[in-house]
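Here is the structure we will look at, set down as C-alpha cells.
Number of protein chains: 2
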Amino acid sequence: MNIKGVAYKTEWVEYPDIEALAKKIGAPPTSTNADGSPLYTLPMINDPNTGKVVADSFLIAEYLDATYPSGTTLLPPGTKALMAALEAGVIGGLGSIFLHQLAISCYILNPSSEKYFRATREANYGRKIEEFSPAGAQREADWAKTKEGLVAVDGWLSKNGGGKFVMGDNITYADGILGGWMTWIKITNGENSAAWKDFASWNGGRWGTYITNLQPFATVL
Amino acid sequence: MNIKGVAYKTEWVEYPDIEALAKKIGAPPTSTNADGSPLYTLPMINDPNTGKVVADSFLIAEYLDATYPSGTTLLPPGTKALMAALEAGVIGGLGSIFLHQLAISCYILNPSSEKYFRATREANYGRKIEEFSPAGAQREADWAKTKEGLVAVDGWLSKNGGGKFVMGDNITYADGILGGWMTWIKITNGENSAAWKDFASWNGGRWGTYITNLQPFATVL
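Dropping the structure here:
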C-alpha cells in the first residue's frame, strides 16, 4: 500500500482468528492445507471504495494496479511471470534458513498466535519448534548456505544498472517480494543482532543498503 | 537477432575453434574454466555497422537494445534483474535432465566438436558421456523430476495473462532464454521423438505450443 501510494488502515489479526475473519468479510482461501482443507492467509484487504475483498499478495497487487491506475505501478506491463520467477528465486536463495526463521518468528508472537503457529508448524515438520534450527553446527551451515544462495540473487540485482530497487530507479512489486523477505529476516533476528548485521553485510552490504532504501515505504499505517 | 529484427549472417563455429576466433576478432572470455583459465563461448557477434564485438547472450541483448533502439526491445526498462531470475529459475526447473541433454548433444556434433565436447564434459563430471544418463530408472527419474520442476515455471507463465510469450503479447529476451532451452531439448531429442512429444505435452501442452509460437523467430540466417 505504501509503495502504491493509497491510504489504508492496518488491522492486526492473530493467527487463530484469520480464518473466521476471512469468512466474515468474504475473503477466499489462498491455498490448501496438507489435509486438503482450505487455507486462509494474510494479507487480505477490504477496500471500502469498491467493497472488494482480496487475499494473497500477488492478487492484491493486481487488484490495486487495476483499481488505482494513477498510483505507482506495482506490476509493470508484462512483468507478472518474471515477478513470480523472482519470488521463487528469492525463496530458493533463502531456503536453508527458512526453518530457523519459522522458529524465531514463533518466539516473538503473541500468546494465541504462538500456540497456533507452534501447533501447525510442528505438525508440518514433524518436530518441536525448538528442534527446527538448534544453535550450533547445523544452523551455522544453514546460514553459510544462505549466504551462498544469495550470491545468485546479488548477481541478478547487479544487472539492474545500479538502481536502488529490483527494477532500477522505480519501486515495484518486486521490492514487495524481496523487501518482504529481507524485512522478515531483519525483524525476527533483531535489527541490532549479530545475525542481521552479518546478513546485512553480505554481497558488499547490499541487503543492509537495500533495506535502508526501502525505509520510506516501511511505516505501517 | 530474429526477435530484435536486425539483419545478420550466421557463421557456425566448431567447439575447438571458438577460442581462436574470439581472440582473432577481439571477443573477451565470458567465464572461467575450473582451472581458472579464461573460457570463450558462443554466441558472439561482430557488428560491421559499429565494429563492436560482443560475447555472452545477455550482453549481446543489452548491446542490441542500445545500438538498435528502433527494433523490438529485448530488455524492457527495469527488467534485467527479473530476466536473470527467470533464467536461473528455468535452468533450475530443467536441471535434472541437464546431463542427459549434454550426452545427446555430444552425439550429434560434428567430429571435431564431438571430440572437444566429450573431453571437456567428461573432465567436468568425472565420467564417460555414455554414463551421464544411461537409459533406465535414473533417466526416467530425471525426466519425472524435470516434469515436476516445470510445474513452477508453468505457474509463473500462467500469470502473464494468456499471452503467447513470457511477457505476454510482446516477445522479449525472456523468450530467448526460455525458448533457447526448450529448443535445445526439442532439437537434441528430435522433434518427432517420443521424449519431445512427451515433454511438449506437459502442463496442458504449454511447451509444444510455446515452441510453435516461437517458430516465426526460429529461422537461422
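Sequence lines, in order, name chains B and X.
If you're matching positions, the first sequence starts at 1 in the working numbering and goes up one per residue.
If you're matching positions, the second sequence starts at 222 in the working numbering and goes up one per residue.
In this text, a Cβ means the ideal position worked out from N, Cα and C, and glycines have one as well.
These numbers come from a predicted model, not from an experiment.
Beyond the five residues adjoining it in sequence on each side, X/Glu335 comes within less than 8 Å, by CB distance, of Cys327, Tyr328 in the same chain, given in chain order.
In this structure, the beta-carbon distance from B/Leu221 to B/Thr10 falls below 8 Å. The C-beta separation of X/Ile392 from X/Leu307 comes to about 14 Å, leaving the pair out of contact by the 8 Å criterion. The three-state reading of DSSP puts B/Val54 in strand, counting E and B together. Around the beta carbon of X/Thr433, fewer than 16 other beta carbons lie within 10 angstroms, which makes this residue exposed. Taking 8 Å as the cut-off, the Cβ atoms of X/Ala395 and B/Leu82 count as close. DSSP places B/Met83 inside the alpha helix (DSSP H), whose first and last residues are 80-94.
Each residue's CA atom was taken as its position, placing B/Trp207 and B/Met1 some 22 Å apart.
CA-CA distance, X/Trp402 to B/Gly190, rounds to 42 Å. Residue pairing of X/Ile318 in beta bridges, as defined by DSSP: absent, with no partner found. Taking C-beta atoms under 8 Å as the contact rule, B/Val6 and B/Tyr63 fail to qualify, at a distance of about 11 Å. DSSP, reduced to helix, strand and coil, places B/Asp198 within a helical segment of the structure shown.
The shortest CA-to-CA distance from X/Asp238 to any of X/Leu263, X/Gly292, X/Asn267 is the one to X/Leu263. With respect to B/Ile91, B/Thr188 sits apart: the two C-beta atoms are not nearer than 8 Å.
At a cut-off of 8 Å between beta carbons, B/Pro16 makes no contact with chain X. For X/Pro250 against X/Leu242, the beta-carbon gap comes to about 13 Å, at or over 8 Å, which does not count as contact. Of the candidates B/Ala34, B/Glu19, B/Ile25, B/Trp12, B/Ala34 places its Cα closest to the Cα of B/Gly126. Put simply, the CB of B/Ala88 is near chain X, with a gap under 8 Å to one of its CB atoms. When only Cα atoms are considered, X/His321 and X/Ser354 end up about 5 Å apart. Secondary structure within the segment 92-168 of chain B: the alpha helix (DSSP H) runs of 4 or more consecutive residues, fully enclosed, are 98-107, 111-125, 137-157 (chain order).
Close partners of B/Met182 in chain X (Cβ separation under 8 Å) are lacking, with about 15 Å as the shortest Cβ gap. In the DSSP annotation of this structure, B/Asn2 is not part of any beta strand (DSSP E), being labelled neither H nor E.
Per DSSP, reduced to three states, the secondary structure at B/Asp17 is helical. A direct Cα-to-Cα measurement between B/Pro77 and X/Ala415 gives close to 37 Å.
Close to B/Asn160, with beta-carbon spacing below 8 Å, are these residues of chain X in chain order: Gly299, Lys301, Ala302.
With at least 16 other beta carbons inside 10 angstroms of its own, X/Lys407 counts as buried.
Within the same chain, and ignoring the five residues on either side of B/Gly161 in sequence, the residues whose Cβ sits closer than 6 Å to its Cβ are Gly168.
For a cut-off of 8 Å, the C-beta gap from X/Trp377 to B/Ala84 is around 4 Å, short enough to register as a contact.
A check of alpha carbon separations from X/Tyr431 across X/Asp375, X/Leu280, X/Asn413 identifies X/Asp375 as the nearest. Beta bridge pairing from DSSP links X/Ile392 with no other residue. Only residues of its own chain outside the window of five on either side were considered, and among them Thr146, Gly149, Leu150, Ala152, Val153 have a CB closer than 8 Å to the CB of B/Gly93, listed in chain order. Taking C-beta atoms under 8 Å as the contact rule, B/Lys164 and X/Lys301 fail to qualify, at a distance of about 14 Å.
X/Tyr337 and X/Thr253 have their C-alpha atoms spaced approximately 17 Å apart.
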